[in-house]
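Mapped onto mature numbering (1 follows the signal peptide of the UniProt record, and there is no 0), the consecutive letters of the sequence shown carry residue numbers -21 to -1, 1 to 156. What follows is a single structure, written as structure tokens, with notes after it.
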Amino acid sequence: MKLAAPVFAVLTLLAAGGARAEVVDAQPNGFETRRAVVIAKPAAEVWAALVQPSKWWNSSHTWSGSAANLSLGAASGACFCEKMPNGGSVLHMTTVNAQPGKQLTLFGGLGPLQMSGASGHLVWALAEADGRTTLTWTYDVGGYRKGGLDKIAPAVDQVLAEQQDRLKAYVETGKAG
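Here it is, written out as structure tokens:
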């Protein structure tokens, strides 16, 4: 993905509207977005898929243009990283809390947030009941972004909702969409 492409993708999403998760709060200096889905599989299976973003993340939301280049280390200090052509790499987020089958917390900035003074905590919480798992993500972002972070919150929200839908589809059917 070319450097300008993530910004274009975000602007496209803003213009497109469509279904969104919930932007809980949005201010010029930060925002919180949250969404929950129920996945018809046990938490252990959801966790196993969650830590393999190369299987379900949308390639159009990567810097390299291929989700196959993504990896996610599920241990504190590990990273949600991406291999780039010619030996390059991108550190999207750092794992700060990994509790298999229960919670994965990452810290950093996704997409265009990397080009600003903003970062946040992305929490994926899993709760299993009767062989089904409720997967809730919350992304709390704060810092500086020219024009205000509140302006980008809906697009970030929509991109993350798409990834969560792809993860659910992958876990339940073996195909991300």
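Think of the CB as a built atom: it goes at the ideal place given N, C-alpha and C, for glycine as much as any other residue.
Enclosing beta strand (DSSP E) for residue i [first to last residue]
| i | result |
| --- | --- |
| R13 | 9 to 18 |
| Q78 | 68 to 78 |
| L101 | 96 to 108 |
| T112 | 111 to 123 |
| V2 | 1 to 6 |
Rounded separation between residue i and residue j - CA only
| i | j | result |
| --- | --- | --- |
| I131 | R13 | 15 Å |
| L85 | S33 | 17 Å |
| V17 | V25 | 10 Å |
| L51 | M72 | 9 Å |
| Q31 | S38 | 13 Å |
| Q143 | G67 | 27 Å |
| G110 | G153 | 17 Å |
Other residues of its chain near residue i: CB distance less than 6 Å, five sequence neighbours each side excluded
| i | result |
| --- | --- |
| A5 | D129, A132 |
| R124 | S95, A97 |
| T115 | A15, A104 |
| G127 | P7 |
Other residues of its chain near residue i: CB distance less than 7 Å, five sequence neighbours each side excluded
| i | result |
| --- | --- |
| residue 157 | Any property of residue 157 remains undetermined from this structure, which presents the chain solely from -21 to 156. |
| V3 | E11, T12, R13 |
| E1 | T12, R13, R14 |
| A77 | A53, A54, S55, L83 |
Sequence-distant residues of its chain with Cβ nearer than 8 Å to residue i (five each side left out)
| i | result |
| --- | --- |
| A22 | G80, K81, L105, A106, E107, T112 |
Span of the alpha helix (DSSP H), counted from its first residue to its last, around residue i
| i | result |
| --- | --- |
| A46 | Careful: A46 lies outside any alpha helix (DSSP H) and carries neither H nor E. |
Cβ-heavy atom distance, residue i to the ligand SAM, below 6 Å
| i | result |
| --- | --- |
| L70 | Absence of the ligand SAM from the depicted structure is noted, as is the absence of any ligand whatsoever, leaving it without description. |
Cβ-Cβ separation, residue j to residue i (assumed contact under 8 Å), whole Å
| i | j | result |
| --- | --- | --- |
| T74 | A46 | With 8 Å as the limit, T74 and A46 do not qualify as a contact, their Cβ atoms being about 18 Å apart. |
Cβ of residue i within 7 Å of any chain D Cβ
| i | result |
| --- | --- |
| N8 | As a matter of chain content, chain D is missing from the structure shown, which is built from one protein chain. |
>> Does the region 119 to 130 come into contact with the region 7 to 15, if we say contact requires no fewer than three beta-carbon pairs (one atom in each stretch) closer than 8 Å?
In response: With the rule of 3 Cβ pairs closer than 8 Å, the region 119 to 130 counts as touching the region 7 to 15.
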